[in-house]
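I have placed the structure first, in the form of structure tokens, so that the comments after it can refer back to it.
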Amino acid sequence: MPLLLDAAYLFVLILLSPWLLYRAWRTGRYRHGLRDKLLGLSSISNQQSALVNRPVWFHGVSVGEIHLLRQVIAAFRQRYPRWPVVVSTTTDTGFEEARKCFPDLSVIHFPFDFSWAVRRTLQAVDPALIVLAEGELWPNSLLAARQRGVPVAVINGRMSPRSLRRYRRLGPLSRWLVRQIKLLAMQTDAYAAAVRDLGADAEQVQVTGSVKFDGVTTDRHNPRTEALRQLFEVSANDLVWIAGSTQAPEEQIVLDIYHRLRPAHSNLRLFLVPRQKDRFDEVAKLLERAGLPFTRRSSILDPRSSVVLIDSIGELGALWGLADVAFVGGSLDGRRGGQNMIEPAAYGAAVVFGPHVWNFRNVATRLVEAGGACQVADAAELERVTARLLGDVEERRRLGTAARDYVLRQQGATEKTIDLLGQLLGARHDRSRAA
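For what it's worth, the numbering used here labels the leading residue of the sequence shown as 235, then goes sequentially.
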């Protein structure tokens, strides 16, 4: 199977190479760590060489998963201090964020799923356990782990309807993939049912809830949020609307709404946070064409500007703490499936998102049912709901209180997850001693 997969990957890589080269030239993406990913030449430091156990390898695809792993790894290291930890990620932005979040740990690039790259990386890390945040199942990686006798766990697992359809198209391969996972710690009963439907055994699957509820901050006066408040001179009289994790064409929609609502709210300030780093300049040009005075996070010319473009990575979580009204992007166009609405809900903001939120379907549904968020059907309804919320402080307060209460009721998944990982490590250690 590895040779067939390698041949298929090479064919796809060659087929896509003109587009990938163009994207790399235009955006700078795909360049960082290419050698390590393609050849499996990542190496780990000896910072924790005094620890007697083999490392536990935690993997998060990009920035969102790295943020999720912060509290998981912190809790794991506190509970099991004798186990070294290695962190890997796939994207350039994820790698940068992982280096910031885990300065004292080895951070490596996750290898492309070529058999040679996977084999070399596994040999370099020599893990006792591989932990995948939310999932990303690659056949050669799972096969190589099985051949080395390394158990693999998925934590905070989810399986959206779109992902489930994609896995079903793989036929018997999807059953083989999920059967290689020792532990599938899923966020909800629905996600657990989905992986069982793909072929996972009942003993593989556990429901822990979402770790993302544990990692959020509810205090609007935390140091990071306060630093942003001072940086942009946000006053108590400002009415702050944050549109976060936005994708095209959501920035244009938000700007059009802002332009129409601003005359009724002279104290309205808009913070616009695109999801992708390589779209920062594109969104800046949108603002220039709209003729709106604005400032960029990277070059603050007017800290009191009514429109702020946040062209940085990793600050949205703290920025939500400034929001009176929070629009969570990736939810209007039907292609992305929504972004994390837990963070603004935890701060008690009045949360709004569009109809396409399959990545967070359970959270979105429960949040709306709890009276803690508004789900809109389209851009026109987004404008109506935003206008109503900006003009009604009591409704904003009611939504925010219900949202924060809902988030607090869901916490506890991290401890359940660490318990399950500890059981895997304990079982493996016992088997090694017996051998």
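Note that CB positions come from ideal geometry on N, CA and C, so glycine has one too.
Query                                                                                                                                                 : Result
Are the region 415-434 and the region 524-538 in contact at 8 Å, needing three or more beta carbon pairs?                                             : no
Three or more C-beta pairs closer than 8 Å, one from the region 386-402 and one from the region 588-596: is that the case here?                       : yes
For the ligand MG, is there any heavy atom lying closer than 7 Å to the beta carbon of Val290?                                                        : This structure simply doesn't include the ligand MG, nor any ligand for that matter.
Give me the DSSP bridge partner(s) of Ser220.                                                                                                         : Missing from the structure shown is residue 220; the chain here goes from 235 to 669 and no further.
Straight-line CA distance for His663 to Leu655?                                                                                                       : Note that His663 scores a pLDDT of 48, beneath 50, so its modelled location is shaky and nothing firm can be said.
Taking the CB atoms as reference points, tell me whether Glu370 and Val445 lie closer together than 8 Å.                                              : no
Measure the C-alpha to C-alpha separation of Ser251 and Phe245 and round it to an integer number of angstroms.                                        : 10 Å
In angstroms, rounded to a whole number, what distance separates the CA positions of Leu237 and Arg257?                                               : 28 Å
What is the DSSP secondary structure of Phe310, counted as helix, strand or coil?                                                                     : helix
The alpha helix (DSSP H) spanning Ala613 covers which residue range?                                                                                  : Ala613 to Gly625
Quick check on the burial criterion: 16 or more other C-beta atoms within 10 angstroms. Buried or exposed for His455?                                 : exposed
Which of helix, strand or coil does DSSP assign to Arg454?                                                                                            : coil
CB-CB under 6 Å to Met420, same chain, minus the five flanking residues each way: which ones, in chain order?                                         : Gly391, Ala426 and Val441
Would Thr651 and Ile491 be called neighbours here (beta carbons separated by less than 8 Å)?                                                          : no
Mind reading off the beta-carbon distance from Gln481 to Asp567? Whole number of angstroms is fine, and I expect it under 8 Å.                        : 7 Å
Using CA atoms only, rank isn't needed, just tell me which of Val517, Glu484 and Ser539 is closest to Leu502.                                         : Ser539
Just the Cα atoms here: how many angstroms apart are Ala560 and Val286?                                                                               : 47 Å
Taking Cβ positions, are Val541 and Leu506 nearer each other than 8 Å?                                                                                : yes
So, at 6 Å on beta carbons, what are the nonlocal neighbours of Glu467 in its own chain, with the 5 sequence-adjacent residues on each side left out? : Pro537 and Arg538
Once you ignore the five residues that flank Asp639 on each side, which residues in its own chain have a CB closer than 8 Å to its CB?                : Ala604 and Gly606
For Cys608, which residues in the same chain have their Cβ closer than 6 Å to its Cβ, ignoring the five residues on either side in sequence?          : Val586 and Val619
Could you tell me whether the region 373-387 touches the region 349-360, where touching means 3 or more Cβ pairs closer than 8 Å?                     : yes
Whose C-beta lies closer than 8 Å to the C-beta of Ile534 among residues of the same chain, with five residues either side of it excluded?            : Leu465 and Phe466
Look at Leu495 and Ala614 and say whether their C-beta atoms are less than 8 Å apart.                                                                 : no
Quick one: is Gln644 buried, meaning 16 or more other Cβ sit within 10 Å of its Cβ, or exposed?                                                       : buried
Expressed to the nearest angstrom, what Euclidean distance is found between the alpha-carbon atoms of Gly625 and Pro385?                              : 54 Å
List, from N- to C-terminal side, the alpha helix (DSSP H) runs of 4 residues or more that fit wholly inside the region 485-553.                      : 514-524 and 550-553
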